[in-house]
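Numbering (the working numbering), first residue to last: 388 to 916.
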């Protein structure tokens, strides 16, 4: 990558703007997917187009980086709130026509789920559900017995997968992965500790973060209060609260029955000036590089400062996870709303909040929440990528008035992640499936559709076909190169779509993504220059 050796503070500044953007993006993708399942879902294309444009407007710099004046971010927050509310209403209207009466579990993630969910209850207790990827399933059919139990004592809790200990100060001192017989936390290194340090950039306040800022940070130390408990032998919870300066923070460590991960929920009431709050995760894994989640894949970055190029990466960007891995074992730290991370000193450090004075003197004051997930795992990143989807796309229970739940599209292929399922923009009735290979491997994939597929094409990002995809017995089959991004156009059986402009281009489907094809597509195509 071309790492930009400045403006690292933009990964954290203006948290509410960043959280609003993420909420709108996820809702847009979810409503697009639901619209492909509804008989009249294509009617939402104009509404979704308008809401996408409003969302993308807020991604202009200096809005999304958090380096605008105060009223710009106030306006962005209002826009995100309005866009999100409109999408929730669209979603509710589609759900009403898709989901039958009675409780149904909606899984917006395109990975299978088997998890205990506190928001879903059965007989007055948290329920464990098992649902397929990208599906709508009756709750009664999704329920499975809870076979594991959480045991909590004054300074420890465990289930069948993890054993967690903490000290009197409220710091985690040990996390043992029972499945892999490994201790995660190095001896004497508190895990999940909050750290705070002076944050006074040399030149640009909201833009920059200096290398010495994390190094000068000190732990908050002893918790003001510490309490633990367990709900129905299914959810163990430890809460530590802290006060510092004019601010307060609460950390919940949550262990659920059957879960191979530990959730860490952080809530901060932030009223500091020119300070950086971070959370540190020391990990007993030897790795020269860390895998950092980015759009359509991941990139590896150094965990050491051996050269000047390495040292410049003291704060790097990652979306949903950062992973440290050995050949047979690794630990991923996942999150649902932070982007700035440090990888040095044998730990993963995540920036939680800044307090820049310029150009917005009141930046980031107030309450903020973020959730982390600590996931020990075996070789590779396949389970990490799947768990990242589960974290940011939670299950919901819905009821509606449809005669029966719809069928759905899924892709079978290790490491293949679906990014969008939507109606084609040209109104043809075709379905667009955008996916990418996330592990850096070559993989064969099959597309499972609720109806037989007559034809399929690989397209460019404008949804203009480049070449045909082999369809065997109504099932498209394709292969993906490492980190390849693929846009598929599916023609359902019996779909008699109007002829779009690209169909009249001779030889178009005989070529790959060459300049010649781009020229053929552009000629006479409205809106393409």
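Glycine residues also receive a C-beta, built at the ideal position from the N, C-alpha and C atoms.
Applying the criterion that 16 or more other CB atoms from any shown protein chain within 10 Å of the CB defines a buried residue, is residue i buried or exposed?
{"i": "residue 708", "result": "buried"}
{"i": "residue 917", "result": "In the structure as shown, the chain starts at 388 and stops at 916, and residue 917 therefore has no counterpart that could be examined."}
{"i": "residue 766", "result": "exposed"}
{"i": "residue 596", "result": "buried"}
{"i": "residue 915", "result": "Low local confidence applies: a pLDDT of 35 at residue 915 is under 50, so the model's placement there is unreliable, with the coordinate-based value given in what follows. It is exposed - the Cβ of residue 915 has fewer than 16 other Cβ atoms within 10 Å."}
{"i": "residue 574", "result": "exposed"}
{"i": "residue 467", "result": "buried"}
{"i": "residue 586", "result": "buried"}
{"i": "residue 443", "result": "exposed"}
{"i": "residue 500", "result": "buried"}
{"i": "residue 857", "result": "exposed"}
{"i": "residue 795", "result": "buried"}
{"i": "residue 921", "result": "What is shown of the chain runs 388 to 916, which leaves residue 921 out entirely."}
{"i": "residue 659", "result": "buried"}
Please name the residue, chosen from the options, that lies closest to residue i on a Cα-to-Cα basis.
{"i": "residue 540", "options": "531, 550, 533", "result": "550"}
{"i": "residue 580", "options": "756, 397, 669", "result": "669"}
{"i": "residue 649", "options": "534, 426, 847, 547", "result": "547"}
{"i": "residue 432", "options": "877, 869, 819, 823", "result": "819"}
{"i": "residue 603", "options": "582, 555, 613, 743", "result": "582"}
{"i": "residue 633", "options": "661, 612, 626", "result": "661"}
{"i": "residue 516", "options": "507, 530, 510, 509", "result": "530"}
{"i": "residue 509", "options": "665, 621, 629, 460", "result": "621"}
{"i": "residue 823", "options": "513, 845, 616, 527", "result": "845"}
{"i": "residue 543", "options": "616, 459, 489, 879", "result": "616"}
{"i": "residue 470", "options": "411, 562, 763", "result": "411"}
{"i": "residue 578", "options": "842, 665, 429, 714", "result": "665"}
{"i": "residue 769", "options": "731, 759, 753, 716", "result": "716"}
{"i": "residue 624", "options": "631, 752, 638", "result": "638"}
{"i": "residue 388", "options": "815, 684, 878, 618", "result": "684"}
{"i": "residue 830", "options": "798, 590, 689", "result": "798"}
{"i": "residue 448", "options": "801, 594, 753, 859", "result": "594"}
{"i": "residue 481", "options": "688, 450, 427, 451", "result": "427"}
{"i": "residue 801", "options": "828, 810, 780", "result": "828"}
{"i": "residue 793", "options": "536, 394, 423", "result": "423"}
Which value, in whole angstroms, describes the spacing of the CA atoms of residue i and residue j?
{"i": "residue 592", "j": "residue 636", "result": "24 Å"}
{"i": "residue 522", "j": "residue 778", "result": "16 Å"}
{"i": "residue 524", "j": "residue 497", "result": "14 Å"}
{"i": "residue 847", "j": "residue 840", "result": "20 Å"}
{"i": "residue 712", "j": "residue 702", "result": "19 Å"}
{"i": "residue 891", "j": "residue 855", "result": "Confidence in residue 891 is poor, its pLDDT being 46 and thus under 50, which makes the residue's placement unreliable; the coordinate value appears in the next sentence. If you take the alpha carbons of residue 891 and residue 855, they lie about 15 Å apart."}
{"i": "residue 654", "j": "residue 755", "result": "6 Å"}
{"i": "residue 868", "j": "residue 825", "result": "10 Å"}
{"i": "residue 614", "j": "residue 554", "result": "12 Å"}
{"i": "residue 519", "j": "residue 588", "result": "48 Å"}
{"i": "residue 656", "j": "residue 560", "result": "26 Å"}
{"i": "residue 390", "j": "residue 700", "result": "8 Å"}
{"i": "residue 686", "j": "residue 870", "result": "10 Å"}
{"i": "residue 556", "j": "residue 572", "result": "16 Å"}
{"i": "residue 651", "j": "residue 640", "result": "5 Å"}
{"i": "residue 880", "j": "residue 791", "result": "21 Å"}
{"i": "residue 644", "j": "residue 771", "result": "19 Å"}
{"i": "residue 874", "j": "residue 821", "result": "4 Å"}
{"i": "residue 514", "j": "residue 646", "result": "13 Å"}
{"i": "residue 843", "j": "residue 851", "result": "12 Å"}
{"i": "residue 692", "j": "residue 728", "result": "15 Å"}
{"i": "residue 396", "j": "residue 671", "result": "28 Å"}
{"i": "residue 454", "j": "residue 460", "result": "9 Å"}
{"i": "residue 430", "j": "residue 816", "result": "11 Å"}
{"i": "residue 405", "j": "residue 446", "result": "9 Å"}
{"i": "residue 487", "j": "residue 565", "result": "41 Å"}
{"i": "residue 619", "j": "residue 774", "result": "25 Å"}
Does chain C have any CB closer than 8 Å to the CB of residue i?
{"i": "residue 769", "result": "Although the question refers to chain C, the structure presented lacks it and comprises just one protein chain."}
| alpha helix (DSSP H) runs wholly inside the stretch 678 to 711, at least 4 long, in chain order | For the stretch 678 to 711, whole alpha helix (DSSP H) runs of length 4 or above, ordered along the chain, are 695 to 698.
| Between the stretch 827 to 844 and the stretch 858 to 877, are three or more C-beta pairs nearer than 8 Å? | Yes: at least three Cβ pairs fall under 8 Å.
| query | Do the stretch 416 to 423 and the stretch 716 to 727 touch if we need at least three Cβ pairs shorter than 8 Å? | reply | No contact exists between the stretch 416 to 423 and the stretch 716 to 727.
| field | Touch test, the stretch 484 to 504 against the stretch 781 to 793, Cβ-Cβ under 8 Å, three pairs minimum | value | These segments touch.
| request: Can you check the stretch 557 to 592 for any alpha helix (DSSP H) of at least 4 residues that lies completely inside it and give the ranges in chain order? | output: Runs of the alpha helix (DSSP H) inside the stretch 557 to 592: none found.
| request: May I ask you to verify whether the stretch 604 to 623 touches the stretch 677 to 687, counting CB pairs closer than 8 Å and requiring at least 3? | output: The stretch 604 to 623 is not in contact with the stretch 677 to 687.
| message | With three or more C-beta pairs closer than 8 Å as the rule, is the stretch 732 to 748 touching the stretch 395 to 402? | response | Taking 8 Å as the limit for Cβ pairs, the verdict is that the stretch 732 to 748 does touch the stretch 395 to 402.
| task | Check whether the stretch 433 to 441 touches the stretch 745 to 765, taking contact to mean three or more Cβ pairs, one atom from each stretch, closer than 8 Å. | result | The stretch 433 to 441 is not in contact with the stretch 745 to 765.
| said: Restricting to runs no shorter than 3 residues, where is the beta strand (DSSP E) found entirely within the stretch 845 to 886? | reply: Unbroken beta strand (DSSP E) stretches of 3 residues or longer found wholly inside the stretch 845 to 886: 852 to 855, 857 to 859, 862 to 867, 872 to 879, given in chain order.
| request: Would you mind listing the alpha helix (DSSP H) stretches within the stretch 769 to 852 that are 4+ residues and don't spill past its ends, in chain order? | output: As summarised for the stretch 769 to 852, the continuous alpha helix (DSSP H) elements at least 4 residues long and confined to that stretch are 769 to 779, given in chain order.
| query | Residue ranges of each beta strand (DSSP E) run of no fewer than 3 residues wholly in the stretch 442 to 499, ordered along the chain? | reply | Restricting attention to beta strand (DSSP E) runs no shorter than 3 residues, the stretch 442 to 499 encloses them at 491 to 493, ordered along the chain.
| request: Let me know the alpha helix (DSSP H) ranges lying completely inside the stretch 586 to 668, each 4 residues or longer, listed in chain order. | output: Entirely contained in the stretch 586 to 668, the alpha helix (DSSP H) runs reaching 4 residues are, in chain order, 599 to 602.
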